[in-house]
Amino acid sequence: MTVTASDIARSLDQFAKLSPPPPCWLAGDHADPGFNYCHGCAEKAVAAGKGETVDGGYAGQYLSADTCCHCENCGCLLDYELSKCGVEQEMDHFRETSLQTLTPEDAFHIARILDGIDEVGEGAARSEILELGQRALAAIPPNQGDTQPRP
Numbered sequence: 007m008t009v010t011a012s013d014i015a016r017s018l019d020q021f022a023k024l025s026p027p028p029p030c031w032l033a034g035d036h037a038d039p040g041f042n043y044c045h046g047c048a049e050k051a052v053a054a055g056k057g058e059t060v061d062g063g064y065a066g067q068y069l070s071a072d073t074c075c076h077c078e079n080c081g082c083l084l085d086y087e088l089s090k091c092g093v094e095q096e097m098d099h100f101r102e103t104s105l106q107t108l109t110p111e112d113a114f115h116i117a118r119i120l121d122g123i124d125e126v127g128e129g130a131a132r133s134e135i136l137e138l139g140q141r142a143l144a145a146i147p148p149n150q151g152d153t154q155p156r157p
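Just so we're on the same page, this note's numbering is the position in the sequence shown counted from 1, plus 6.
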């Protein structure tokens, strides 16, 4: 039975147990829409005059990101999906990251890489992503429940 990227991502998400909010942006004539915010920080930025309104913040509504997504102000994790460039950037990060004990946030980020596996096509990059997923599963601390991938 073949274990897919989706199977591994689902197992990592099950371990992570995170439900980050979708990103928000600032809109208006003088706003910089290039920054991501949680809703609370976006509202504070609007109140401080950095934008006229809050945009985004809807579940499932976000642009493909070129890196993982955190609030520009408070640093909280935000939900995201990765572009091809984002998958490559995150793979660069995890090539240099030890996964001796997997954290829930790293599990979430690796699951997003696995979700974006189709962005890279076939070949060595795809195999490397699957290997990262397998390393992540092996680094889940003992007694963290059943997180083995189910095809």
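Just so it is clear, CB atoms sit at the ideal spot from N, CA and C, and this is done for glycine as well.
For clarity, every value in this text was computed on a predicted model and none was experimentally measured.
Using the C-alpha atoms, what's the distance from residue j back to residue i?
i	j	result
Asp13	Asp35	44 Å
Ser133	Ala117	15 Å
Ala37	Gly57	4 Å
Ser25	Asp112	14 Å
Glu137	Leu88	18 Å
Trp31	Tyr43	6 Å
Ala142	Leu105	7 Å
Gly81	Lys90	23 Å
Phe114	Ala22	6 Å
Tyr64	His99	28 Å
Using the DSSP secondary-structure output, state which residues sit across from residue i in a beta bridge.
i	result
Ala1	Given that the chain is displayed from residue 7 to residue 157, the structure contains no residue 1 and the question cannot be resolved.
Val3	In the structure as shown, the chain starts at 7 and stops at 157, and residue 3 therefore has no counterpart that could be examined.
Leu83	His76
Let me confirm a value: residue i is counted as buried when at least 16 other C-beta atoms fall within 10 Å, else exposed. Which label applies?
i	result
Asp19	buried
Gly5	Limits of the chain in this structure are 7 at one end and 157 at the other, which puts residue 5 out of reach.
Tyr86	buried
Helix or strand or just coil, what does DSSP make of residue i?
i	result
Leu138	helix
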